[in-house]
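Counting in the numbering used here, the sequence shown runs without a single skipped number right up to 1112 at its last residue. By construction, the Cβ of each residue, glycine as well, lies at the ideal position given by its N, Cα and C atoms. Notes for the one structure printed next.
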Amino acid sequence: MSNVLSHSARSSAWPTLPPFVGMVYSNCMPESESKVEQNEFSKAWRRSFGMSPPLGYVLRYDYFQNWTRFHSLPNSKRLAKSDEEFGILLERANTLAAECFEKQTPIWIATGRLSEIALNDDDLPIRMNMSKVMDWIDEDEAPAYQQEWSFFASRAEWTRSSLDWLFREIAEDRERAVLFSEDAQTVFAPYDGGFDIISLQPGKITQLENTYSSWMSSRPDQL
């Protein structure tokens, strides 16, 4: 099953990929994968976010009116260099994640990889026993730039600090993942420098921005 979407050009938090305009998106997977996990995630995701893939920088454009961003460190510092700074980063990550998910457990954790690169034992999909849930490819880019991604997901019980290890790996640009709850209609997308939140809950984005305004960028575009 595949669908073609059209979007405006976006800039990625992961510069290895060029900006893209459109995509082919499917939820095909090998017979050996868990059909239950695949179908559950795919259906839940599409009910909330339609044909947009589970990538923070894509959702930021597709759902701009439902998006906000918070920085992980004071003065918009991008990378933590000390235990004290990692403490601040993790406190902010857990505070924001709790705002998103505290009453909606379990959650989904999803991550994407270029399909042409084989998974290693230390990659997140293997470590978290994830199922392959969908594929994604940019159709509108020049053929030389087209790359297929595979997405994997698994459920996790959300409790405060339970994902500190993952938040830290993402902050160090060693992993990438988004957290998603259909009940909360919210995606929490950490990156190396902060946290994107996309929420379809009425008033949720405004509430977060009012509560944690000191964690936001002073730039007009909020980046």
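- Leucine 1055 is positioned such that its CB atom lies no closer than 8 Å to that of asparagine 955.
- When secondary structure is reduced to three states using DSSP, proline 1032 falls in the helix class.
- Taking the Cα positions, phenylalanine 1077 is about 12 Å away from arginine 1065.
- Spanning the alpha carbons of alanine 987 and leucine 1097 requires a straight line of approximately 11 Å.
- Excluding the 5 residues flanking it on each side, leucine 944 has no same chain C-beta neighbour closer than 6 Å.
- Looking at the backbone, the Cα of threonine 1048 and that of glutamate 1005 are separated by about 34 Å.
- Of the candidates Arg958, Arg935, Phe953, the residue whose Cα lies closest to the Cα of arginine 1108 is Arg958.
- Per DSSP, the beta bridge partners of arginine 1044 are Trp997.
- Following the DSSP letters along the chain, one finds tyrosine 946 inside the alpha helix (DSSP H) bounded by residues 945 to 951.
- Partner residues in the beta bridge of alanine 1078, as assigned by DSSP, are Asp1085.
- Looking from the CA of serine 1106, the closest CA among Leu979, Ala1045, Arg967 belongs to Arg967.
- Glutamate 1046 is a Cβ neighbour of threonine 994, given a cutoff of 8 Å.
- Beta-carbon to beta-carbon, leucine 962 and glutamate 974 are separated by about 6 Å, close enough to satisfy the 8 Å threshold.
- Taking all protein chains in view, the Cβ of alanine 1073 is crowded by 16 or more other Cβ atoms within 10 Å, so the residue is classified as buried.
- Straight-line spacing of the CA atoms in glutamate 929 and isoleucine 996 works out to 12 Å.
- Checking the DSSP bridge columns, you'll see methionine 1023 partnered with Phe1040.
- When the five nearest sequence neighbours on each side are left out, the beta carbons in the same chain lying within less than 8 Å of the beta carbon of leucine 1008 are those of Arg1002, Pro1014, Ile1015, in order along the chain.
- Note that the C-beta distance between aspartate 1062 and aspartate 1081 is below 8 Å.
- For leucine 968, no beta strand (DSSP E) encloses it, and the DSSP letter there is neither H nor E.
- Taking a contact as a CB-CB distance under 8 Å, the pair phenylalanine 990 and serine 1070 counts as one, their CB atoms being some 5 Å apart.
- In this structure, the beta-carbon distance from threonine 1100 to isoleucine 1086 does not fall below 8 Å.
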